[in-house]
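Under the numbering used here, the final residue of the sequence shown carries the number 300; numbering is consecutive throughout.
This report refers to the structure that appears directly beneath it.
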Amino acid sequence: MIGGGRIGEALVSGLLHSGFATKDLVVVEKFPARSEELTAEYSIRVTDSIADAAEGADVLVIAVKPGDVDVVLADLGKADLDSEREKLLMSLVAGVPTSRYENRLPAGSPVVRVMPNTPMLVGEGASVIAAGRHVKPDDLALARQVLESVGTVTVVPESQIDAVTAVSGSGPAYFFLVAEAMIDAGVALGLTRATTTELVVQTMTGSAAMLARSGENAADLRAAVTSPGGTTAAAIRELERGGVRTAFYEALSAARDRSAALGSSAD
Ligand SMILES: NC(=O)C1=CN([C@@H]2O[C@H](COP(=O)(O)OP(=O)(O)OC[C@H]3O[C@@H](n4cnc5c(N)ncnc54)[C@H](OP(=O)(O)O)[C@@H]3O)[C@@H](O)[C@H]2O)C=CC1
Ligand SMILES: O=C(O)[C@@H]1CCC=N1
């Protein structure tokens with residue numbers, strides 16, 4: 034795991050909870066205080082040397098910020114790795130296309146682009162994967178195996194990854210924002226923060242479970258809560274007046290465009 038930040042930690046933690054052994058994971062992290070935190074929390078080996086971690090690895094996971102990818106690729110290039118042992122590279126980095134890695138790695142290197150999300154920390158991640166040019170079925174199966182240990186896996190063509198990033202990569206933040214706003218509103222209505230938080234969390238969990246299991250679509254489930262002339266209708270009128278649908282459309286479009294822009298300096 035190259036990059037021990039939030040998403041790197043989410044995958045490491047999820048993998049360990051799903052039964053991966055601590056000896057099978059090595060994290061490369063440049064920031065010493067962060068290294069100490071990860072070692073203390075997970076009892077795994079953390080090093081600041083990409084060469085050291087990559088030498089014996091079957092899979093290299095890149096979890097650094099988009100602007101740090103070139104430094105990582107340069108370090109991998111200098112590492113003089115065992116060329117007999119083919120490594121699968123999985124990039125969790127938003128925006129950066131598989132071609133950017135393929136152009137800098139040894140010819141034929143398999144690269145899988147992944148758009149994960151942070152709920153993988155609790156085994157409920159939604160990961161989406163797209164195969165690079167040299168990925169064989171076994172490589173894709175290995176990527177799927179790693180990610181299925183921390184949630185669901187969906188395969189798409191790489192042309193769809195920017196849109197996927199807007200939906201599920203950034204998606205947890207939209208739900209956390211809604212939770213935050215509902216909790217603040219409940220407190221403003223006179224409920225305690227503890228009670229409001231408990232109610233909001235259970236309402237989100239229950240609604241997600243209904244959407245996942247009932248076989249009904251979101252519009253029908255929403256209509257079933259909305260009694261004519263009732264409380265929900267009063268609330269939804271205000272949400273619609275606030276432009277909630279347009280706001281989500283514009284928000285996801287902005288995230289999709291930002292993902293594309295992050296990768297546009299790539300090739
Ligand atoms: N957070 C999320 O929900 C999601 C993030 N992603 C992607 O995951 C990637 C990481 O994001 P996130 O975890 O949030 O970011 P963070 O900033 O939390 O983590 C990145 C980590 O990588 C470290 N790092 C930077 N350069 C190197 C290097 N050369 N070698 C080793 N480690 C290095 C950073 O250290 P330092 O701070 O010292 O620079 C930092 O600890 C991004 O590319 C993002 O697009 C994808 C989907 C969801
Ligand atoms: O905000 C970001 O750029 C990253 C990618 C998806 C979620 N977090």
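We put the CB at the ideal spot given by N, CA and C, even for glycine.
Open item on the list: Let me confirm a value: Lys120 is counted as buried when at least 16 other C-beta atoms fall within 10 Å, else exposed. Which label applies?
Closed with: Within the sequence shown, residue 120 is the residue found at index 87, counting from 1. By the 10 Å Cβ count, Lys120 comes out buried.
Task: Cβ-based neighbour list, Ile144, same chain, cut-off 6 angstroms, excluding 5 preceding and 5 following - done: Locating residue 144 in the sequence shown gives position 111, counting from the first residue. What sits at residue 144 in the sequence shown is Val, not Ile. Around Val144: Leu122, Thr131, Tyr134, Glu135 and Gly165.
TODO: Consult DSSP for Ile35 and reduce its assignment to one of helix, strand or coil.
DONE: The residue given as residue 35 occupies position 2 in the sequence shown. In the structure shown, Ile35 sits in a strand (DSSP, three-state: E or B).
- [ ] List the endpoints of the continuous alpha helix (DSSP H) containing Val168.
- [x] The residue you call residue 168 lines up with position 135 of the sequence shown. First-last for Val168: undefined, no H or E at that position.
Open item on the list: Alpha carbons only, please: which of Ser201, Asp101, Ala159 and Ile35 is nearest the one belonging to Ala90?
Closed with: By one-based count along the sequence shown, residue 90 stands at place 57. Ala90 has its Cα closest to that of Ile35, out of Ser201, Asp101, Ala159 and Ile35.
TODO: Report the residue ranges of all alpha helix (DSSP H) runs contained in full by the segment 125–189; include only those spanning at least 4 residues, in chain order.
DONE: 131–135 and 170–181
Task: DSSP beta-bridge partners of Val94 - done: Counting from 1 along the sequence shown, the entry for residue 94 is found at position 61. BP columns for Val94 point to Met123.
Open item on the list: Considering just the uninterrupted stretch of the alpha helix (DSSP H) at Val61, what are its terminal residues?
Closed with: The count along the sequence shown starts at 1 and reaches residue 61 at position 28. Run containing Val61: none in the alpha helix (DSSP H); it sits in the beta strand (DSSP E), Val59 to Val61.
TODO: State yes or no: is the C-beta of Ala43 nearer than 7 angstroms to some heavy atom of ligand 2?
DONE: Here residue 43 refers to the residue found at position 10 of the sequence shown. No, the beta carbon of Ala43 sits no closer than 7 angstroms to any heavy atom of ligand 2.
Open item on the list: Please classify Asn250 as buried or exposed, where buried requires at least 16 neighbouring CB atoms within 10 angstroms.
Closed with: What you label residue 250 is simply residue 217 of the sequence shown in a count that begins at 1. The residue in question, Asn250, is exposed, as its Cβ has fewer than 16 Cβ neighbours within 10 Å.
Task: In chain order, each alpha helix (DSSP H) run of at least 4 residues that lies wholly inside the segment 192–262 - done: Counting only runs of 4 or more, we get 194–197, 204–221, 226–246 and 251–258.
TODO: Pull every residue with its beta-carbon under 5 angstroms away from any heavy atom of ligand 2, and keep them in chain order.
DONE: Ala127, Gly202 and Ser203
Open item on the list: In whole angstroms, give me the CA-to-CA distance for Thr265 and Met215.
Closed with: Position 232 of the sequence shown, counted from the first residue, corresponds to residue 265. Position 182 of the sequence shown, counted from the first residue, corresponds to residue 215. Each residue's alpha carbon lies about 14 angstroms from the other.
- [ ] Taking all protein chains shown into account, decide if Ala195 is buried (16 or more other Cβ within 10 angstroms of its Cβ) or exposed.
- [x] Within the sequence shown, the letter at position 162 stands for residue 195. Residue identity check: residue 195 is Asp in the sequence provided, not Ala. Buried is the label assigned to Asp195, since at least 16 other Cβ atoms lie within 10 Å of its Cβ.
- [ ] Per DSSP, which residues does Arg78 bridge with? Please list them.
- [x] Against the sequence shown, residue 78 aligns to sequence position 45. Residue pairing for Arg78: DSSP places it in a beta bridge opposite Val59.
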